[in-house]
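Peer 1:
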Amino acid sequence: MSMPFYVDPEQLTKDRADFSRRGVSRGLPVIAASSADGIVIIALNSSTSLMKIGEVHDHIAFAGAGKFHEYEALRLAAVRWADTRAYQYSRRDVSASSLANALAHAIGEAFVSAPKPLEIALLLPEVGQAPELDRIFSLSFDGSLSDHGTFAAIGGVPDGLAQRAFDSALYEREAEAVIDFCVRELARTHADDSIHAEIALLRRGVELRSFERHTPVSMARVERSHL
């Protein structure tokens, strides 16, 4: 009878994390940033038919980087979770915080026990009545959960983007100005005819269904317009 191979748990965890981290870093970046008008969400996308940004509930959106089919399955699960909670309790009981915790548990279980860990990173923004009340959560491939306040980015993000966003006080500016800032920043490293910026806004002050989808922007056109 052959003996099973022994694998050091610490090494196994490191290998799985490295595998997932490489997969996510190859993905195109996604940004969520608070503005005076609401939360701007921008995702670079090479597909004209597959959407990386979606609506979850009244004031909550979802965006993913990494393997599309993996984070799309989580988006559908998030929508079902939100609808069920709103039906069983009330619409006010659906929050990005509770949803993020539910997804973090599922992602963490997959990281530990699935044959292959997920190659995903997620953003869950929830718009508030004022920028300081906005919540932007990020979830990593191992179920790690972070609350970023008014700005977060995932995927292959340009170096120094978060600091430049902080220095620019984006949350004080109108949505169009924030969109322009983020798209131009991403064009520094992703000016390509095959890539467009998928853009959405969680509009502040809307009682129900604050999600708005904007017209995509060609990244190559952005770069040429700023030469």
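Under this note's numbering, the first residue of the sequence shown carries the number -2, and numbering increases by one thereafter. Even glycine gets a Cβ: it sits at the ideal position worked out from N, Cα and C. Remember, it's a predicted structure, so these values are computed and weren't measured experimentally.
DSSP three-state call for residue 6: helix, strand or coil?
Peer 2: helix
Peer 1: DSSP beta-bridge partners for residue 190?
Peer 2: The partner list for residue 190 (beta bridge, DSSP) is empty, contrary to what the question assumes.
Peer 1: So, with DSSP's three-state summary, where would you put residue 201?
Peer 2: coil
Peer 1: Going by beta carbon distance, what residues of the same chain come within less than 8 angstroms of residue 42, once the five residues before and after it are set aside?
Peer 2: 25, 48, 49, 192, 193, 194, 195, 213
Peer 1: Let me confirm a value: residue 141 is counted as buried when at least 16 other C-beta atoms fall within 10 Å, else exposed. Which label applies?
Peer 2: exposed
Peer 1: Hey, residue 76 and residue 53: beta-carbon distance below 7 angstroms or not?
Peer 2: Going by C-beta atoms, residue 76 is nearer than 7 angstroms to residue 53.
Peer 1: Identify the residues that DSSP records as bridge partners of residue 63: which are they?
Peer 2: 117
Peer 1: May I have the straight-line CA-CA distance separating residue 175 from residue 27, to the nearest angstrom?
Peer 2: If you take the alpha carbons of residue 175 and residue 27, they lie about 14 angstroms apart.
Peer 1: Using the C-alpha atoms, what's the distance from residue 208 back to residue 56?
Peer 2: 7 angstroms
Peer 1: Over the uninterrupted alpha helix (DSSP H) stretch that includes residue 102, give me the two end residues.
Peer 2: 93 to 110
Peer 1: From residue 23 to residue 161, what distance separates their C-alpha atoms?
Peer 2: 22 angstroms
Peer 1: So residue 171 and residue 32 are in contact, right, with Cβ under 8 angstroms, and what is the actual spacing, rounded?
Peer 2: 6 angstroms
Peer 1: For residue 47, which residues does DSSP report across the bridge?
Peer 2: Beta-bridge pairing links residue 47 to no other residue.
Peer 1: Give the secondary structure of residue 211 by DSSP, where H, G and I count as helix, E and B as strand, and everything else as coil.
Peer 2: strand
Peer 1: Quick check on the burial criterion: 16 or more other C-beta atoms within 10 angstroms. Buried or exposed for residue 146?
Peer 2: exposed
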